[in-house]
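The next block holds one structure in the form of structure tokens; read it before the comments.
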Amino acid sequence: MDVRWILVALLTLALWGVWGVVTRVASATLGWRETTAIAAIGHMVTAIIFIVLSRPSLAPQGLNYAFALLAGALGFAGAFTFYVALNLNPSSVVVVVTSLYPLVTMFLAFMLLGETLTTRQLAGAALAIIALILISAD
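Pasting the structure below:
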């Protein structure tokens with residue numbers, strides 16, 4: 693069994709964890725508009741470096757190309773609303789709430805893609821919601 697995925701997933705976890713703190717620090721002094729704009733520039737610079745180094749084929753390839761563009765737009769929109777939320781509430785709460793986005797993915801995959809949800813997955817989703825309530829309650 694290939695376990696490289698867990699190493700990459702743990703790296704993602706660490707990167708996003710640091711991202712949440714750095715974003716909170718930036719938005720506390722810059723404001724959400726400036727943080728969003730400057731972070732977008734950082735994203736674009738990183739994306740350009742990735743494109744130059746990995747040399748992907750960027751030729752449109754039907755509907756999947758449109759879905760990839762939509763994924764990018766939704767990712768940016770999510771980051772934008774995340775920055776606004778950080779201006780309104782502590783990062784310890786905002787990050788926990790927004791980290792439950794896989795529940796939306798699970799529901800949409802079930803409804804739109806016909807994926808099945810196991811009892812264990814549903815129990816995990818329920819526990820995640822309970823954890824959110826416990827962590828974010830005053």
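Quick note: the sequence shown uses this note's numbering, first residue 693, plus one each step.
Ideal placement from N, C-alpha and C gives every residue a C-beta, glycine not left out.
For Glu726, the enclosing alpha helix (DSSP H) stretches over residues 724-746. With fewer than 16 other CB atoms across the displayed protein chains lying within 10 angstroms of its CB, Tyr757 is exposed. Between Ser783 and Thr715, the gap from beta carbon to beta carbon is short of 9 Å.
Excluding sequence positions up to five before and after Ala718, its CB lies within less than 7 Å of the CB of Thr727, all in the same chain and listed in chain order. The residues Ser783, in chain order, have a CB closer than 7 Å to that of Val713 in the same chain once the five nearest residues on each side in sequence are set aside. Going by C-alpha positions, Phe772 is about 31 Å away from Ala815. Judged by DSSP in its simplified three-state form, Gly712 adopts helix.
Collapsing the DSSP output to three states places Gly754 in coil. With contacts defined as CB atoms closer than 9 Å, Asn781 and Gly723 fail to qualify as a contacting pair. For Ser783, the uninterrupted alpha helix (DSSP H) segment begins and ends at 783-790. With distances taken between CA atoms, Leu819 lies nearest to Leu795 out of Phe802, Ala829, Thr808, Leu795. Scanning Ala829, Met803, Thr797 for the CA closest to the CA of Ala817 turns up Thr797. For Thr797, the enclosing alpha helix (DSSP H) starts and ends at 793-805.
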